[in-house]
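Participant: Chains as they are written, first to last, in this note's numbering: chain E, 6 to 389; chain D, 1075 to 1565; chain Y, 163 to 552.
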Amino acid sequence: MATDLVVVGRGPAGLLLSSLAVQAGAAVSVVADGLGTLPLWGGQWDFRSYDTDGAPITDPYAWWRAREPHTSPPGVTRGWLAYWQHLAALWTEMGIAVNPPGPNNQWTVTPLGHLRPTYLAPSWQYTTDKPSPVIFVGVPGLTDFVPTAMARVYEWATGATAYTMMLETPPAWRETWNALNWAWFLDAPGGQEWLMRVLRGRSLPSEGPLLFPQILGVDHAQAFIAELAKTLSRRVAEVPLPPVSVGGIRVQRRWDRWLRHHAVPFISGRVHRAEPDQVVLADGRKVTARVVLATGGVLGGGLLVEADGTVRDAVTGVAVSFGEHDDLATVGYLETTGPIPVVGRMVKGWNPDQYGEGGAMILSTVHAVHQRLMRHSLETGTWR
Amino acid sequence: MVVVIGGGSAGLGVAWDLLLRQIPVTVVESGPMGRGTSGRFHGLLHSGARYAVVDPVSAEQCRAENARLRHIAPSAIEAVEGYFVSVDEVGESYAQEWLKGAAAANIPVEEVSRDRVLEHLPGLTPDVRQSFRVHDAVLEGFKLLEMLTTNIRSRGGTVLQEASVTAVHTVNGRVSGVVVRADGEDRVIPCDAVINAGGPWAFQVAQLFQDHLDMQLSSGLMMIYANRMVPHVVNRLAPPGDGDIFVPHGNTVILGTTEVPQNTADPVEPTRREAQYLQSLGAQLFPEIVRWRVLRAFTGVRPLFQGSSLAPHSRVSRDFTVVDHGATVGFQGAFSIVGGKWTTFRLMAERTGDAVAAYLRVHVPSTTADVVLTPPETQKRQHTGALVCECETVGVGDLEPRLSEPLADWRTRTWWAMGPCQGTVCAHRGIALRIPHDGVLAALQDLREFRAERERGMRPVAWGDNARQWALNHAVTGQTLAEGAVRKIGD
Amino acid sequence: MWSGVDACLKCTLCITQCPVVSVNPDFPGPKALGPEWYRQKQRGGVATLPHVDDCTFCQLCEAACPVEVPIAHLIALHKAAATPPLRIRVRDGILARPHRAARWTRWAGTSRVMRKVGGISGKTSLPRPRRARWSPSSLGQPLGPCQGRVGLFVDCYSAGYDGEVVEQASQLLTLWGFNVTLMPQGSHCCGAAAYAAGKPQLAEREARETWSAMERFQDVDFLVTLNATCDATLRDEWPDYFGIEPPMPVVPFDEMALRAPQEFWNRLGRVSSSAEVRIMTHTTCRGQVARGDGHLGELAHRAGFHRVEPSDAPCCGAAGAYAFKIEHEDTAQQLVARLVEQSSHVRPQGIFTDSGTCALHIEQATQVKTRHPAYWLYRQYLEYQKGEAP
Ligand SMILES: Cc1cc2nc3c(=O)[nH]c(=O)nc-3n(C[C@H](O)[C@H](O)[C@H](O)COP(=O)(O)OP(=O)(O)OC[C@H]3O[C@@H](n4cnc5c(N)ncnc54)[C@H](O)[C@@H]3O)c2cc1C
Ligand SMILES: Cc1cc2nc3c(=O)[nH]c(=O)nc-3n(C[C@H](O)[C@H](O)[C@H](O)COP(=O)(O)OP(=O)(O)OC[C@H]3O[C@@H](n4cnc5c(N)ncnc54)[C@H](O)[C@@H]3O)c2cc1C
Ligand code: SF4
Ligand code: SF4
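Printed below as a string of structure tokens:
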């Protein structure tokens, strides 16, 4: 297959890089041995949520600007707004509604009922500028979302009232149901009618949006949420849950589909060896084109942690850390720009788990590599 | 009234022994159940075979106690059988001596053919030379601790947790009471005798009696593998050494152990280097171990007793010792029980009980060998309601009846959050159940402590797939749940 | 035991990709049925879970898993431990030997009552044989020098019901310059059906017999497969689960096609009539897992179809003999409903798919002609020839 670029990995970094290259006219192949992390969280992209002391950050632009000379890659702060706008536009094209990126972080609610900052979230997710009274609507059997507990924490953290409501179970319900079973149920007309009926029969507290666990459908969630909001004359939104995380699943499905409909092949298999312009899969297949590794660091499998603490690139064998000197949370390549470029969680120094900067990490590393590839393709006249 | 300091196997065992002799007891335990070595051991109910050569007395005691525990606490023992296998010349030549020792201690040993053993122990090294079957079994320590606790309570005894003894009062040189600190407050419990069952902390407790126990503490590392890859106990047939036993436990298998001298009684954090070393030893028996998914590592502290510096003491065996501090330093009514094994805890308790009963002039013999312990109602797992812990299938119905127990007891009693994901998907679910009961601050504090505790065991063995588990754990707790930054808005 | 059985991280990625989870509220899902069941089993026996048989063995769960847990293969062991009612066992015994079943080609005439008794779905039509109807040399001389000898793997389904596609593929390969040998001879099965039905040992026996039947073809350079499931079975299960290397490298037909001489594509490019014809492509689940998705689209494009839509359904529900089984008929219908919905928007005139049973199932549900790429390429080439004819 004629390919200009082969992206190894189909997590958020691989998907974004592939999309940018497709938009630039390149023929892209994606190779991956697993699904990547996108379906593991709600799909909100964080910019920078916390300061080094754990204090929430309101204005992430200001935070990055203050560190301009030290950011990697240099000059990224000037690009931020454009990157975020591009992502928002791309998602909109895929059918993921998202509010235009603003100047500040928003608040969103965690499954334990406290608030955390986030930057860009699909519109099905509850976000707000200012905490205010809310209604947590739970369903039986979903231990990830316990309204009574969430309300206690929410009230403690914000001082605002949190009401709770518990729904009953539909006839199709099984005790084994997780959030995704609920979501598939509510993705179909039968489930949607059931929920409408149940909610119409309830009297709602006089104030506050209805906050559901993230279960309101898979492919049809957006329309269904809009319909619920209209019928109940109330804002309806969701709180993302730990895996199974339906929000991320929705984003991943739409993104995969967008790429497939842009004729991007998804080759499945483990990359065994990589050179700058060829990958060799474990079963011997080869794909020849410029290679970028979006292999996801320790969690994604791109970095292998050995028993003695050495951390290696699982594909090239290059050691990026020896022994226990480095923090496992931030290990990776110093730069995106080695002989084989790396993006996403493969890059050192980012710590999304501590600072809430996962989205920024993806945008910064992916755009840096994309810009280099573009320059290269202009110079060499490759890419159609 | 007798106060027992320490609620490990020795402390609860002696309390049970005394209660059956109609002597009222109060056990004071400074942590949650199993804080000490009794919750940090290898889980082996010894057949005695391991000590056949090095310590014939212990060997004989283990053999007898093994049979007794099967009788009095069957639900805490999994009768899996054990194998001794030799994999090299050292082992093969040791075998002769070992067989003689076993015969002398009346320990039944049955030789098993190479083909049979490879069939029973898939994955065992093909280098196996000889193998023998013995009556090793699995001792579920936490289950037995809980069973002892509930049996003591139902016979009128008291077991206090999260309470420490900080001083011992005497009248005319005889023990008259202890000071117990709990929740920052002191109170005095009057008593006629006090027993130090402080395990590795016993030397500190003995200072309350103005005695000096000379103890040599050593740390032992154990590694838990995610699945029960080995269905029976497997010992390497060789002079006892490091890394030579596999014990299946629940859904897992535990490899142990090492022996590293240390100064403090608190267990040390496992290190990557030691874990790597232990695994390399395990690989000599099960070469595939390098591909097994490791789950966590933990250490326990052996309370080896050297002597009481001031006066003679009654050494019961090389293994455990009952010290009468009246005899050593004139502190009448104070006793210490040090050393030993889980396997022999009942015997240790009986010997200690004999000494204490004699001091109190109570002439009732020990009956612990015959009285069968009643399993607590809560140990009959229900799996009712929605799942909370997916690895170990613990449901809301298993946890809700235990809402007033400390969080640590949820782990050790229901196995909640003990599986391969180490609480990644279930810790917050458990905490959510507790919030309405305990309040926001206490529950969130519990959650923080829980995460820190799991981290200590995961991090040293964060390699291969377990490193990915560790990374997923951090992503879920740090990002989805944002636990690191729980605070009031505007604070 | 295989490695990875104990690796599960509880990440749930497998669940997100399981097609059965998406339509069947009773299905416990790959994590519960695979690694979690196996962990309990290693502890010493647990009951089998209900609905384990509803797994299609599509292996999409395995493709999603970050740590390579052999989820679907553990589920196959789980199925093996379950004991369904006798009549279902009898039926499964037959369907797990499709090369035998396929010899009895009058299935399709079986009455509704008999189907019910035999545990056969009334909603999925059973295959009717499609025989080749033309003379072997109709595509003309090879387009270039001899490229070597290939074996065309005649899978049980093609052998029994689709002589047509075997003939078409063989002629195309000949046109591309290969000497083609049909193999193995006699009735054989790669073992896929037995594995999927939870009979891994039978699967291995069948595979070994097939291996022996192929071993004597010494001078064959490649083995070309027509069915993605057989292809994946030969390339994955054979070496990884049975410990047998296929006697020669295995290449799926569509990958061979992508390597066809440029002249072939140039010729198809002259068939102008198809540029506006809407086509859908559906890579079967096993094909997606073993190789990926997107090859069929590329093939269709090169064949002159420029309005190609990839299918959004991960699995059509046919899954070998799955859709024929009465207890799966609803799940199978719900799975294919995704394709039906999509095709009702796209309105394709044809669907490319790389498996005979899937084609049958999809065609029945969508009422759109659904065929193997060999059929479509062959058809396009005939169009080309027609255009060239004086
Ligand atoms: C639980 C969780 C919650 C999160 N929450 C947030 C959040 O709230 N906000 C936010 O902004 N971000 C969040 N993130 C995202 C996170 O911060 C990272 O940005 C993201 O996980 C990194 O994605 P990636 O594309 O770099 O790698 P991954 O998603 O890990 O992708 C790696 C890819 O590489 C493939 N691969 C690896 N090795 C090979 C090989 N040898 N051959 C072939 N393929 C290979 C894998 O199969 C996979 O497809 C969350 C992530 C997780 C897991
Ligand atoms: C690595 C290792 C592996 C082992 N494996 C096995 C095995 O497989 N089989 C076997 O039979 N034996 C085994 N053993 C031995 C066995 O576990 C121990 O001998 C036994 O558990 C010791 O119990 P204990 O009650 O004496 O001590 P502990 O269990 O340590 O109990 C002492 C208790 O005293 C409490 N305490 C201390 N000070 C105070 C105070 N001032 N006030 C209140 N409470 C206090 C502590 O909190 C602690 O809970 C192993 C030991 C180790 C170290
Ligand atoms: S093989 Fe397919 S149907 Fe079976 S559990 Fe895996 S994804 Fe689901
Ligand atoms: S995808 Fe793999 S690791 Fe994740 S839950 Fe499923 S089996 Fe476990």
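Think of the CB as a built atom: it goes at the ideal place given N, C-alpha and C, for glycine as much as any other residue.
Taking the alpha carbon of Val1062(D) as the reference point, which residue from Gln1281(D), Pro1305(D), Arg1376(D), Gln1353(D) has its own alpha carbon closest?
Facilitator: It is not possible to answer for residue 1062(D), since the shown part of chain D is limited to 1075 through 1565.
Participant: Starting from Val1170(D), follow the alpha helix (DSSP H) in both directions and report where the run begins and ends.
Facilitator: Counting from one through the second sequence, the residue named residue 1170(D) turns up at place 96. A quick correction: the sequence has Gln, not Val, at residue 1170(D). Gln1170(D) -> alpha helix (DSSP H) spans 1163-1178.
Participant: Taking Gly306(E) as the query, report the chain Y residues whose CB atoms sit under 7 angstroms from its CB, ordered along the chain.
Facilitator: What you label residue 306(E) is simply residue 301 of the first sequence in a count that begins at 1. In chain order: Pro228.
Participant: Please list, in chain order, all residues of the same chain as Leu117(E) whose beta carbon is under 6 angstroms from its beta carbon, the five residues on each side excluded.
Facilitator: Locating residue 117(E) in the first sequence gives position 112, where the first residue counts as 1. The answer, listed in chain order, is Val158.
Participant: What do you reckon, are the CB atoms on Phe1409(D) and Ala1267(D) nearer than 8 angstroms?
Facilitator: The sequence position of residue 1409(D) within the second sequence is 335, counting from 1. The sequence position of residue 1267(D) within the second sequence is 193, counting from 1. The answer is yes: Cβ separation under 8 angstroms.
Participant: Could you name the residues of the same chain whose beta carbon sits closer than 6 angstroms to that of Ile1509(D), not counting the 5 residues immediately before and after it, in chain order?
Facilitator: Taking the second sequence and counting its residues from 1, one reaches residue 1509(D) at position 435. Within the same chain, Ile1509(D) has close Cβ partners Ala1517.
Participant: Quick check on Val185(Y) - is its C-beta less than 8 angstroms from some C-beta in chain D?
Facilitator: By 1-based counting over the third sequence, the position of residue 185(Y) is 23. So, not an interface residue.
Participant: Between Ala193(E), Gly364(E), Val296(E), Leu233(E), which lies nearest to Val185(Y) when the distance is taken from Cα to Cα?
Facilitator: For the purposes of this step, residue 185(Y) is identified with residue 23 of the third sequence, where counting begins at 1. Residue nearest to Val185(Y) within the set Ala193(E), Gly364(E), Val296(E), Leu233(E) is Ala193(E) (criterion: CA-CA distance).
Participant: For Val241(E), count neighbouring C-beta atoms within 10 Å of its own C-beta (all shown protein chains included) and say buried if the count is 16 or more, exposed if not.
Facilitator: Position 236 of the first sequence, counted from the start, is the residue given in the question as residue 241(E). Buried, since its Cβ has 16 or more Cβ neighbours within 10 Å.
Participant: Please specify which runs of the beta strand (DSSP E), each continuous and at least 3 residues long, are wholly inside the stretch 1447-1504 of chain D, giving them in chain order.
Facilitator: 1461-1463
Participant: DSSP on Thr153(E), reduced to helix/strand/coil?
Facilitator: As a working note, residue 153(E) is residue 148 in the first sequence. Three-state DSSP puts Thr153(E) in a helix.
Participant: Please report whether the beta-carbon of Phe190(E) lies at a distance below 8 angstroms from any beta-carbon of chain Y.
Facilitator: Position 185 of the first sequence, counting from 1, holds the residue named residue 190(E). By this cut-off, Phe190(E) is an interface position.
Participant: Please tell me whether, using a cut-off of 7 angstroms, the distance from the CB of Gly1330(D) to the nearest non-hydrogen atom of ligand 2 is below it.
Facilitator: Looking up residue 1330(D) in the second sequence gives position 256. Because some heavy atom of ligand 2 lies under 7 angstroms away, the Cβ of Gly1330(D) counts as near it: yes.
Participant: Quick one, are the C-beta atoms of Ile1328(D) and Met1303(D) less than 8 angstroms apart?
Facilitator: To locate residue 1328(D), count along the second sequence from 1; it is residue 254. To locate residue 1303(D), count along the second sequence from 1; it is residue 229. Going by C-beta atoms, Ile1328(D) is not nearer than 8 angstroms to Met1303(D).
Participant: Restricting to Cα atoms, I'd like to know which of Gly196(E), Lys353(E), Gln376(E), Met155(E) is closest to Glu340(E).
Facilitator: Against the first sequence, residue 340(E) aligns to sequence position 335. Comparing Cα positions, the closest option is Lys353(E).
Participant: Of all Cβ atoms in chain Y, is any one closer than 8 angstroms to the Cβ of Leu40(E)?
Facilitator: Here the question's residue 40(E) lines up with position 35 in the first sequence. At least one chain Y Cβ lies under 8 angstroms of Leu40(E).
Participant: Check the Cβ-Cβ distances between Val1342(D) and every residue of chain E, and say whether any is below 8 angstroms.
Facilitator: Here residue 1342(D) corresponds to residue number 268 of the second sequence, with the count starting at 1. Val1342(D) does not count as touching chain E.
Participant: Within a Cβ cutoff of 8 angstroms, which residues of the same chain sit near Ala462(Y), ignoring the five residues on either side of it in sequence?
Facilitator: In the third sequence, residue 462(Y) corresponds to position 300, counting from 1. Shown here for Ala462(Y): same chain residues with a beta carbon closer than 8 angstroms to its own, the five before and five after excluded, namely Ile441, Thr443, Val470, Phe514, Pro535, Trp538 in chain order.
Participant: For Val1241(D), which residues of its own chain have a beta-carbon under 8 angstroms away from its beta-carbon, when the five flanking residues on both sides are left out?
Facilitator: Residue 1241(D) sits at position 167 when you count from the first residue of the second sequence. In the sequence on display, residue 1241(D) carries Ala and not Val. Same-chain partners within the cutoff: Val1252, Val1253, Leu1282.
Participant: Report yes or no: do three or more beta-carbon pairs, one from the stretch 362-375 of chain Y and one from the stretch 398-412 of chain Y, lie closer than 8 angstroms?
Facilitator: The stretch 362-375 of chain Y makes contact with the stretch 398-412 of chain Y: 3 or more CB pairs, one atom from each, lie closer than 8 angstroms.
Participant: Measuring only the C-alpha atoms, how far is Tyr88(E) from Leu286(E)?
Facilitator: Residue 88(E) sits at position 83 when you count from the first residue of the first sequence. Residue 286(E) sits at position 281 when you count from the first residue of the first sequence. When rounded, the distance between both Cα atoms is 32 angstroms.
Participant: Give, in chain order, every residue of the stretch 1487-1500 of chain D whose Cβ lies closer than 7 angstroms to some Cβ of chain Y.
Facilitator: Pro1494, Cys1495, Thr1498, Val1499
Participant: Just to check my reading of the structure: Glu1152(D) and Val1212(D) have Cβ atoms closer than 8 angstroms, yes? What is that Cβ distance to the nearest angstrom?
Facilitator: Numbered from its first residue, the second sequence carries residue 1152(D) at position 78. Numbered from its first residue, the second sequence carries residue 1212(D) at position 138. Yes, they are in contact, since the Cβ atoms of Glu1152(D) and Val1212(D) sit about 4 angstroms apart, within 8 angstroms.
Participant: If you check the beta carbons only, do Pro1534(D) and Thr1331(D) fall under 8 angstroms apart?
Facilitator: The count along the second sequence starts at 1 and reaches residue 1534(D) at position 460. The count along the second sequence starts at 1 and reaches residue 1331(D) at position 257. Cβ distance not < 8 angstroms, so Pro1534(D) and Thr1331(D) don't count as in contact.
Participant: Report yes if the CB atom of Val508(Y) is closer than 8 angstroms to the CB atom of Ala527(Y), and no otherwise.
Facilitator: Locating residue 508(Y) in the third sequence gives position 346, counting from the first residue. Locating residue 527(Y) in the third sequence gives position 365, counting from the first residue. No; because the gap between Cβ atoms is not below 8 angstroms, this pair is not in contact.
Participant: To the nearest angstrom, how far is the alpha carbon of Ala1460(D) from that of Trp1489(D)?
Facilitator: Here residue 1460(D) is taken as the residue at index 386 of the second sequence, counted from 1. Here residue 1489(D) is taken as the residue at index 415 of the second sequence, counted from 1. C-alpha separation (whole angstroms): 16 angstroms.
Participant: Among residues of its own chain, excluding the 5 on either side of Val249(E), which ones have a beta-carbon nearer than 7 angstroms to its beta-carbon?
Facilitator: Numbered from 1 along the first sequence, position 244 holds the residue referred to as residue 249(E). Shown here for Val249(E): same chain residues with a beta carbon closer than 7 angstroms to its own, the five before and five after excluded, namely Asn183, Ala184, Leu185 in chain order.
Participant: Please determine whether the Cβ atom of Ala1501(D) lies at a distance below 7 angstroms from any heavy atom of ligand 1.
Facilitator: Position 427 of the second sequence, counting from 1, holds the residue named residue 1501(D). No, Cβ of Ala1501(D) sits at least 7 angstroms from all heavy atoms of ligand 1.
Participant: Leu305(E) to His1306(D), Cα distance in whole Å?
Facilitator: Position 300 of the first sequence, counted from the first residue, corresponds to residue 305(E). Position 232 of the second sequence, counted from the first residue, corresponds to residue 1306(D). Sequence inspection shows Gly at residue 305(E); the Leu mentioned does not correspond to that position. Cα to Cα, the separation comes out at about 35 angstroms.
Participant: Go through the residues and name those whose CB comes closer than 7 angstroms to any heavy atom of ligand 4, in chain order.
Facilitator: Ala169(Y), Cys170(Y), Leu171(Y), Lys172(Y), Cys173(Y), Thr174(Y), Leu175(Y), Cys176(Y), Ile177(Y), Pro192(Y), Lys193(Y), Gly196(Y), Pro197(Y), Cys223(Y), Ala226(Y), Cys227(Y), Pro228(Y), Val229(Y), Val231(Y), Ile233(Y)
Participant: Rank Gln1406(D), Thr1467(D), Gly1513(D) by C-alpha distance to the C-alpha of Gly1324(D) and give the top, closest one.
Facilitator: To locate residue 1324(D), count along the second sequence from 1; it is residue 250. Each of Gln1406(D), Thr1467(D), Gly1513(D) was checked against the Cα of Gly1324(D), and the nearest Cα belongs to Thr1467(D).
Participant: Should Ala355(Y) and Pro260(Y) be called a contact, given that it needs their Cβ atoms to be closer than 8 angstroms?
Facilitator: The sequence position of residue 355(Y) within the third sequence is 193, counting from 1. The sequence position of residue 260(Y) within the third sequence is 98, counting from 1. Yes; because the gap between Cβ atoms is below 8 angstroms, this pair is in contact.
Participant: Mind checking the stretch 1459-1471 of chain D against chain Y and listing, in chain order, the residues whose C-beta falls within less than 7 angstroms of any C-beta there?
Facilitator: Glu1464, Cys1465
Participant: How would you label Gln179(Y), buried or exposed, when you count the other beta carbons within 10 angstroms and need 16 or more for buried?
Facilitator: For this step, residue 179(Y) is matched to residue 17 along the third sequence. Its Cβ being crowded by 16 or more others within 10 Å, Gln179(Y) is buried.
Participant: With distances taken Cα to Cα, identify the nearest neighbour of Tyr323(Y) among Thr519(Y), Glu545(Y), His235(Y).
Facilitator: In the third sequence, the residue the question calls residue 323(Y) occupies position 161. The shortest Cα separation from Tyr323(Y) among Thr519(Y), Glu545(Y), His235(Y) belongs to Thr519(Y).
Participant: With DSSP run on the structure shown, which of helix, strand or coil describes Ser1388(D)?
Facilitator: Start at 1 with the first residue of the second sequence, and residue 1388(D) comes out as number 314. Because the pLDDT at Ser1388(D) is just 47, under 50, the model does not fix this residue reliably, and the value given afterwards should be weighed accordingly. Ser1388(D) falls in the strand class under three-state DSSP.
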